[in-house]
Amino acid sequence: MSSSLEDHLLCSICLDLFTDPVSTPCEHIFCRVCITKHWESSSERRCPLCKTSFSVRPDLRVNPETRSMKNMSSSEVQCDVCSEPKLKALKSCLVCLSSFCESHLQPHLTVSGLKRHQLMEPVENLEDRMCPTHQRPLELFCATDEKCVCMMCSVLEHKNHEFLPLKDAFEEQKASVEKSMSENRRRMLNRRQKMEEIRAVLEQSQTQAETQMQEMVEIFSELVENVQSCLDQYSEIVEKTLTKHEERAQALMSELEQEICDLEQSSTEAECLSRSHDPLLFLQRCTALTPPVRLKEWSSVIFKRAAFEGTTVRALSALGNDLSKTQRRVQEAELKRVQRCAVDVTLDPDTAHCKLILSKDNKKVHQSDSKKKSPENEERFSESCLVLGRPAFSSGRFYFEVQVDEKTPWQIGLVTVSIDRKQQVTLRPSAGVWAVELGEGEQYRALDEAPVPLSPRRPLQKVGVFADHIEGVVSFHDVDTGDIVFSFSGCDFTEDLIPFLSPGTRSGKNSAPLVITTTTVEEQDMSLQDRDGRSQVESATHPHKRFGRKKVKLATPPHKRFGRSKEESTTPSQNRKKSLGSTEGEVH
């Protein structure tokens, strides 16, 4: 066996020839003892080569092919004539169908009749080397039928076929096998490298996901706190309003009860007096009858229902303001993050359509009404009024900004390097274009497969363009507000990306230029900051456990007293629990 074949039969754990070779479910081969000891010494069940993990110890499959090849490479043929102990055979005879050591081989070297026997390197199973049809040695290889044959076969069953001596066929096939083995090793190496690449990207994705989840937990925790604070504040307003209303009602009812008592007393005295039939006694007692106290004119007293209308609307309005502030803060932090990827982009005059005029520094472009004379070249756009930026970007992240001001209309974005520059360019992702525009009708649109109308908070003055090759994202930002205008996600970038600008003229009424500006990034912490200036987002090296996000619940809701019975409604307000956090329940 060749050394390369021997290498193919080495166990990657013990680095020796396979002993009792077995294969794992991932089809890698090891010695049974080696892989068993490897798994016993580790708490995890992983393949030592590809790192595939198994939840339980897998069944090992016996690998007879490797075992057979190993036997071919390492077995020692013994002399068939020697008694024990048998010596190593020096030659095998295809006529005698036996193998002989140096001593027992001598007759074949000296006796004239035996000298004609065909000798070969010692091998086992000599019967397998005889033609089963003619009982003659297999000496030729039939290239037509791809099988070993004897001399009789070559003139009978395989007549007129193409033959090679066994040694020549062996060398040829051996070279082919070694080439195949080399190719397999190369393929395995490539696949292992691809696995490592995928594993590295997966780890990056997991880290980014954990960081993103951590950031969202912090932001939404703050929002929940804002909701709770707003709920507490306006619940307290409702409580105080109701308390004052109850106190006034209680005072009025107490006053009414007192007048009722006075009237009842006066009525009782009058009733007793009315039973008297003695005129003198009646008149005497009548003058002594206790007059009722002065009574209030209750018809003028109006007790109106407490006014709670609009409280919920005001609470939601206040909450909306807090949400807007948080949203702006997050968007500004995101803008600063992508601005850190800013690159210096200039316009390439060799690509500009003949109606486009570039500034001397190749930072501004506007469209003229007439074509200018420009050198013809393969890079120049001939049908679409576009100009490309430079450089092209093949990997990583990059960001640049374009001043649009009052310019109408315009189109800006990214194209692939292979964009057809001699035909009308179709502006959509399937054609290799990711762009936004301000159209003739002053309508902002994202040029997706079906254009998407956009509604920025105010007219765009400066647009930031960001791309991430790894995440497959192209996003457009309002630099003044920090808003994300639109984001293309899930993009598969197979080519270099190049910035492009396309200024319109609005039928000659607006020839203002589009300007590539210098991005200024403030040197400050890009993480979100809370009201006290503390970082709300921890480092990605300390993520939550499998996002480990904590569930955030609103605190206890307002009192259940708003669903109380009529009997409870007259309970004095001072007997109520006033702490909004002292009762249990849920906010619906």
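In terms of full-length UniProt numbering, the sequence shown opens at residue 1 and continues consecutively. The C-beta atom is built at its ideal place from N, Cα and C for all residues, glycine as well.
DSSP places ARG192 in the helix class (H, G or I) of the three-state scheme.
Pairing ARG380 with ASP350 gives a Cβ-Cβ distance under 9 angstroms.
ALA209 and LEU223 have their C-alpha atoms spaced approximately 21 angstroms apart. For VAL415, the closest alpha carbon among the candidates GLY389, SER455, GLY482 and GLU171 is that of GLY389. For MET213, DSSP records no beta bridge to any residue. In the DSSP assignment, PHE476 falls within the beta strand (DSSP E) that extends over 473-478. For HIS366, the uninterrupted beta strand (DSSP E) run begins and ends at 364-367, by DSSP. Per the C-alpha coordinates, the member of LYS194, ILE13 and ALA306 positioned closest to CYS31 is ILE13. In this structure, PRO513 lies near VAL365, with their beta-carbon atoms less than 9 angstroms apart.
Uninterrupted beta strand (DSSP E) stretches at least 3 residues long and entirely within the region 42-127 occur at 91-93 and 98-100, given in chain order. With contacts defined as CB atoms closer than 9 angstroms, VAL479 and PHE466 fail to qualify as a contacting pair.
Here DSSP, grouped into helix, strand and coil, assigns ALA251 to helix. The DSSP-derived three-state label of LYS462 is strand. DSSP, reduced to helix, strand and coil, places PHE308 outside both helices and strands of the structure shown, so it counts as coil. Straight-line spacing of the CA atoms in THR52 and LYS179 works out to 28 angstroms. Taken through DSSP and simplified to helix, strand or coil, LYS422 comes out as coil. If you draw a 10 Å sphere on the C-beta of HIS353, you find 16 or more other C-beta atoms in it, and that means buried. Listed as beta-bridge partners of THR517 by DSSP are GLU401.
With contacts defined by Cβ atoms closer than 9 angstroms, CYS341 and GLY413 do not form a contacting pair. Relative to the Cα of TYR444, the nearest Cα in the group ASP468, ILE470, SER430 and THR408 belongs to THR408. Cβ atoms of THR24 and LEU60 come within 8 angstroms of each other, at about 7 angstroms. The alpha-carbon separation between SER382 and GLN423 amounts to approximately 7 angstroms. Following the DSSP letters along the chain, one finds GLU437 inside the beta strand (DSSP E) bounded by residues 433-438. Under the three-state reduction of DSSP output, CYS385 falls in the coil class, being neither helix nor strand.
Look at PRO279 here: in three-state DSSP terms it is helix.
Between PHE488 and GLN403, the alpha-carbon positions lie close to 21 angstroms from each other. Annotated as proximal: ILE498 and PHE393, with beta-carbon spacing under 9 angstroms.
Annotated three-state conformation of GLN327 is helix, per DSSP. Contact between MET120 and ARG136 does not hold, since their C-beta atoms are separated by about 14 angstroms, which reaches or exceeds 8 angstroms.
CYS491 sits close to TRP434, with the two beta carbons spaced by under 9 angstroms. PRO453 has ARG445 as its beta-bridge partners, per DSSP.
For GLY413, the pairing in a beta bridge is given by DSSP as ALA435 and PHE500.
Judged by DSSP in its simplified three-state form, PHE220 adopts helix.
Separation of CYS142 and SER176 (C-alpha to C-alpha, rounded to the nearest whole angstrom) is 17 angstroms.
As the crow flies, the alpha-carbon of THR133 is around 35 angstroms from that of PRO21. In this structure, the alpha-carbon of GLY320 lies about 10 angstroms from that of CYS230.
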